[in-house]
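Chains as they are written, first to last, in the working numbering: chain A, 143 to 493; chain B, 5 to 350. Presented below is the structure to which this report refers.
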Amino acid sequence: MARWVRLAIILVLAAQHPALAQSSTGGFVGVVVDIMTGEPVAGALVSLIARPAGVPPPPRSAQTNTEGLFVFVGVPEGRWRVQVQKSGFFVVGANGQAPEVEIRAASVVEGVIQVDRGGAIAGRMVDAKGSPVSEVFVTAVPRIPSGDRAAGPLPSTGNAQTNDLGEFRLSGLPPGEYYLVGRPRPLPTATGAVAIPVVVVQSYYPGVADQARAAPLVVTRGVTTSAPDWRMLAIIRPSRAGDAVAASPQRAPAPQRATGPRRRVSGVVLDPDGRLAPGARVELVPVDRQTVPGAPLVTTARPDGTFLIGNVPAGTYLVDAMLASRLEASRVHRVVVENADVTGLTIAIVR
Amino acid sequence: MVRLLALVLILPLAGCLERHVRRDASTAATQTSSSARVTGRVLDAGTGEPIAGVRASLASAARVSLPRLLPEIQTDADGVFTFGDLPPGSWRVHVQKRGYYYGTAGQPPVIEVVEGAATTVTILLERGGAVTGRVLDSRGLPVGDLWVTALQPVQRPDGTIMSMERATERTNDLGEFRLAGLPPGDYYVVARLRVPPFTETPLPSKTMFVETYYPGAAGITAASPVVVTLGATTQSIDFQMRSAAAYHVLGVAVDARGRPAAGARILLSHGRAGTITTIFDGTAEANGTFRIVNVPEGTYRVQADVLVVTRSGTGSSTSAWFHGAPVEIFVQGGDVTGVRVTAGQP
Chain A
143 MARWVRLAII LVLAAQHPAL AQSSTGGFVG VVVDIMTGEP VAGALVSLIA
193 RPAGVPPPPR SAQTNTEGLF VFVGVPEGRW RVQVQKSGFF VVGANGQAPE
243 VEIRAASVVE GVIQVDRGGA IAGRMVDAKG SPVSEVFVTA VPRIPSGDRA
293 AGPLPSTGNA QTNDLGEFRL SGLPPGEYYL VGRPRPLPTA TGAVAIPVVV
343 VQSYYPGVAD QARAAPLVVT RGVTTSAPDW RMLAIIRPSR AGDAVAASPQ
393 RAPAPQRATG PRRRVSGVVL DPDGRLAPGA RVELVPVDRQ TVPGAPLVTT
443 ARPDGTFLIG NVPAGTYLVD AMLASRLEAS RVHRVVVENA DVTGLTIAIV
493 R
Chain B
5 MVRLLALVLI LPLAGCLERH VRRDASTAAT QTSSSARVTG RVLDAGTGEP
55 IAGVRASLAS AARVSLPRLL PEIQTDADGV FTFGDLPPGS WRVHVQKRGY
105 YYGTAGQPPV IEVVEGAATT VTILLERGGA VTGRVLDSRG LPVGDLWVTA
155 LQPVQRPDGT IMSMERATER TNDLGEFRLA GLPPGDYYVV ARLRVPPFTE
205 TPLPSKTMFV ETYYPGAAGI TAASPVVVTL GATTQSIDFQ MRSAAAYHVL
255 GVAVDARGRP AAGARILLSH GRAGTITTIF DGTAEANGTF RIVNVPEGTY
305 RVQADVLVVT RSGTGSSTSA WFHGAPVEIF VQGGDVTGVR VTAGQP
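Spelled out as structure tokens, the structure:
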């Protein structure tokens, strides 16, 4: 009750605000309430974001006070999306979409925004060696049941960054099923004259490249769902057509090998059951005696299980392969590249 | 012992890299390229393993007013990054990775880049210690969205102690935080309300969370230090946020002749040099007045700064801040009104 008295006072204050005298702006005041307890939610970040149509005015933001109240004055007329951010909570009744508010000139809209405690997903991201991967941006993408696609794509919910132990926690997720997607910081590994194809590295839980093969996670209210040992992947974005498997995206070519003829190394990868292993990661590691082991040339086995690494300078290499989603790897083979392509390698992954 | 062994292992590797460099330099010199290249390798000082995903940038180390900064790139799976097309000169190599800090060297190395040559640099990063804990309210419920900072007391050349901010993280929905990449030593852990750049004036609150030092102190002098050791996590640094009444500070900013300083930047801060916290950063109204809400009890400074932008005939413009003299105010038991500050004089 006291809250409503207070809100009324604020309404009066807002109406007197000089910015409201301008004909093209209005106000928006309201309260953020926990739907289960009825208590106001303090410290929530409330933002007004213009819809994409037209020239977007800059977003506006306010923070709720200890009574859960917020006020916007001098807001340009039109329809705005309302976003509420508070750790552990989500906006109720919005059907996955942000609620909207219609701001009219010289008037004040009042609103009650109900929020509820969601569920959480906590986990850890590791690389092929099982080491933690930090600074990866993790988001949860709601799984849309097939046949319900008319509703359009749902926005991804929640985002977090992995810490130095590869750990992350997404909270305030509405109950439902989610895919997890991890994207590292999109920075190149070299600049200028040594520019190389940008490596896009992203991974769906539990360590696959595409959503179709990803495992959805079930989120329930007030419960933390575990996502352990999520594998990060390297996915190579080809710079030119036909160059998809010939890239050395991990590193600029070593300067001393910059000249001389280039050869191709190709073969097939088999999984521990002796079947073709599409998607397996194949590495060609230069081990010339006079240098430290160089950066590997990396590719991914094609859908038919074959692989081809192009643009290989002459030298001695170690070749190995590993499955993208599991820790199994092959024995290491030694290959000498001289004046001809190396073909017909069979790399068997063992358990 | 393990660390000693690791160093021994690194030395031969570094030797290899040295040879590598000389090879690079000799081959590159025979090519027609006129620009220089820097290849760096970032290794974990404890294990000798390469560190992937380290952000690296180069800043001109020449003594110029505006150091040139190259855009950030990151190391590959082998801990290697490469900058090409570099103008020759002195460059400072900045590297950054969550959970790591510059080890014994303590600061970014400076390299000399020679025209037409390739330079290689090896940087060792130390995996620091970490502090984890939870922040609760007076009812024992977790407080999310707070900023928690690890402050390290550092002695300045004049003998005074200042606090260096070593890491800051946000509490999650369980009130948990983890501060990593800390050099070993004693720290103070402090939790504060986040102050994002809100576009709207906040509404007054009756009470509010105030800056709280572990294990629940109002200031650093009453706080308990937290010991951090290399590569280890100091756990259970749990504490309760302090709450206090919140008051208003009202006043007016004027110029030297007593006219309203419309649009002056109003700053409300507290603390001593080295640990100054800005509570409010806003703008004076057209009539020079300002209204600051949610100020807990304490001693503060209010200051009015003026930004002057000068456009020259050639179309270029320069800007400069003119700082007003700070006015000290005491907030105790009620609102403070009638504060008069003189804005900076251009």
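Just so you know, even glycine gets a beta-carbon here, dropped at the ideal spot from N, CA and C.
Short Cβ contact (9 Å threshold) for residue 190/B with residue 229/B: As a position in the second sequence, residue 190/B is number 186, starting the count at 1. As a position in the second sequence, residue 229/B is number 225, starting the count at 1. Yes; because the gap between Cβ atoms is below 9 Å, this pair is in contact.
For residue 368/A, which residues of its own chain have a beta-carbon under 7 Å away from its beta-carbon, when the five flanking residues on both sides are left out? To locate residue 368/A, count along the first sequence from 1; it is residue 226. Within the same chain, residue 368/A has close Cβ partners 264, 265.
Sort 459/A, 232/A, 190/A, 234/A by Cα distance to residue 215/A and report the nearest one. What you label residue 215/A is simply residue 73 of the first sequence in a count that begins at 1. Residue 190/A is the option with its Cα nearest to residue 215/A.
Roughly how many angstroms separate the alpha carbons of residue 486/A and residue 450/A, rounded to a whole number? Position 344 of the first sequence, counting from 1, holds the residue named residue 486/A. Position 308 of the first sequence, counting from 1, holds the residue named residue 450/A. Each residue's alpha carbon lies about 10 Å from the other.
May I have the straight-line CA-CA distance separating residue 172/B from residue 345/A, to the nearest angstrom? Translated into positions along the second sequence, residue 172/B becomes position 168. Translated into positions along the first sequence, residue 345/A becomes position 203. Distance between the alpha carbons of residue 172/B and residue 345/A is about 28 Å.
9 Å is my cut-off, CB to CB: does residue 46/B come that close to chain A? By one-based count along the second sequence, residue 46/B stands at place 42. It does not; no Cβ of chain A falls within 9 Å.
Every unbroken beta strand (DSSP E) within the stretch 217 to 253 of chain B, with a cutoff of 3 residues, ordered by chain: 230 to 232
Residue 219/B to residue 54/B span [Cα, whole Å]: Translated into positions along the second sequence, residue 219/B becomes position 215. Translated into positions along the second sequence, residue 54/B becomes position 50. Roughly 38 Å separates the two Cα atoms.
Determine, using beta-carbon pairs with one atom in the stretch 147 to 164 of chain B and one in the stretch 316 to 330 of chain A, whether at least three such pairs fall under 8 Å. no
Take residue 184/A and list the residues in its own chain whose beta-carbon comes closer than 7 Å to its own, dropping the five residues that flank it on each side. Reading the first sequence from its first residue, position 42 is the one you call residue 184/A. 206, 207, 208, 210, listed in sequence order.
At a CB distance below 8 Å, what residues from the stretch 261 to 295 of chain B approach chain A? Give them in sequence order. none
Please confirm if residue 205/A has its CB atom under 9 Å from at least one CB of chain B. By one-based count along the first sequence, residue 205/A stands at place 63. Cβ-Cβ to chain B under 9 Å: yes for residue 205/A.
Helix, strand or coil for residue 471/A? Go by DSSP, reduced to three states. Mapped onto the first sequence, residue 471/A falls at position 329. Strand, per DSSP.
Shortest alpha-carbon distance to residue 298/B belongs to which of 78/B, 252/B, 132/B? As a working note, residue 298/B is residue 294 in the second sequence. The residue with the shortest Cα to Cα distance from residue 298/B is 252/B.
Identify which residue in 417/A, 375/A, 418/A, 480/A has its Cα closest to the Cα of residue 440/A. Here residue 440/A is taken as the residue at index 298 of the first sequence, counted from 1. Cα-wise, what sits closest to residue 440/A is 375/A.
Contacts around residue 212/B, its chain only, beta-carbon distance under 6 Å, and the 5 residues preceding and following it disregarded: Within the second sequence, numbered from 1, the residue matching residue 212/B stands at position 208. Cβ within range, chain order: 250, 298.
DSSP three-state label for residue 423/A, please. As a position in the first sequence, residue 423/A is number 281, starting the count at 1. Strand at residue 423/A.
Roughly how far, in whole angstroms, is the beta-carbon of residue 126/B from the beta-carbon of residue 73/B, given that I think they are within contact range, below 8 Å? Residue 126/B sits at position 122 when you count from the first residue of the second sequence. Residue 73/B sits at position 69 when you count from the first residue of the second sequence. Not a contact, Cβ separation roughly 22 Å.
Can you list the residues of chain A that residue 323/B reaches, using a CB-CB cut of under 7 Å? For this step, residue 323/B is matched to residue 319 along the second sequence. In chain order: nothing, as chain A lies at least about 21 Å away.
So what's residue 353/A in DSSP terms, helix, strand or just coil? Against the first sequence, residue 353/A aligns to sequence position 211. Three-state result, residue 353/A: helix.
Assess, as a yes-or-no matter, whether the stretch 286 to 301 of chain B is touched by the stretch 326 to 340 of chain B under the definition of 3 or more beta carbon pairs within less than 8 Å. yes
Within 9 Å of any Cβ in chain B, is that where the Cβ of residue 368/A sits? The residue labelled residue 368/A in the question sits at position 226 within the first sequence. No, its Cβ sits nowhere closer than 9 Å to a Cβ of chain B.
Cβ-based contacts, 7 Å cut-off: residues of the stretch 146 to 164 of chain B near chain A: 148, 149
Relative to the C-alpha of residue 177/A, which residue among 348/A, 260/A, 250/A is closest? Residue numbering aside, residue 177/A sits at position 35 when the first sequence is read from its first letter. For the residues 348/A, 260/A, 250/A, the minimum Cα distance to residue 177/A belongs to 260/A.
Report the neighbours of residue 138/B on chain A: residues whose CB is nearer than 7 Å to its CB, in chain order. The count along the second sequence starts at 1 and reaches residue 138/B at position 134. Under the 7 Å cutoff, chain A gives no residues; its nearest Cβ is about 13 Å from residue 138/B.
Specify, as a first and last residue, the run of the beta strand (DSSP E) that residue 231/A falls within. The sequence position of residue 231/A within the first sequence is 89, counting from 1. That run of the beta strand (DSSP E) goes 231 to 233.
Assigned exposure category for residue 422/A - 16 Cβ within 10 Å defines buried: Taking the first residue of the first sequence as 1, we reach residue 422/A at position 280. Buried is the call here.
Going along chain B in order, which residues have a C-beta closer than 7 Å to the C-beta of residue 230/A? Indexing the first sequence from 1 puts residue 230/A at position 88. Under the 7 Å cutoff, chain B gives 148, 177.
Using the Cα positions of residue 204/B and residue 64/B, report the straight-line distance between them to the nearest angstrom. Locating residue 204/B in the second sequence gives position 200, where the first residue counts as 1. Locating residue 64/B in the second sequence gives position 60, where the first residue counts as 1. Cα to Cα, the separation comes out at about 40 Å.
Residue from 307/B, 303/B, 95/B, 210/B whose Cα sits closest to the Cα of residue 270/B: On the second sequence, residue 270/B is found 266 positions in, with the first residue counted as 1. The shortest C-alpha separation from residue 270/B is found at 307/B.
Give me, in chain order, the residues of the same chain whose beta-carbon lies closer than 7 Å to that of residue 357/A; leave out the 5 immediate sequence neighbours on both sides. Working through the first sequence from its first residue, we reach residue 357/A at position 215. So the qualifying residues of the chain are 347, 348.
How many Å lie between residue 291/B and residue 132/B at the Cα? By 1-based counting over the second sequence, the position of residue 291/B is 287. By 1-based counting over the second sequence, the position of residue 132/B is 128. Cα-Cα distance, rounded: 52 Å.
Taking a Cβ distance cut-off of 8 Å, strictly less, list which residues of the stretch 233 to 260 of chain B are near chain A, in chain order. none
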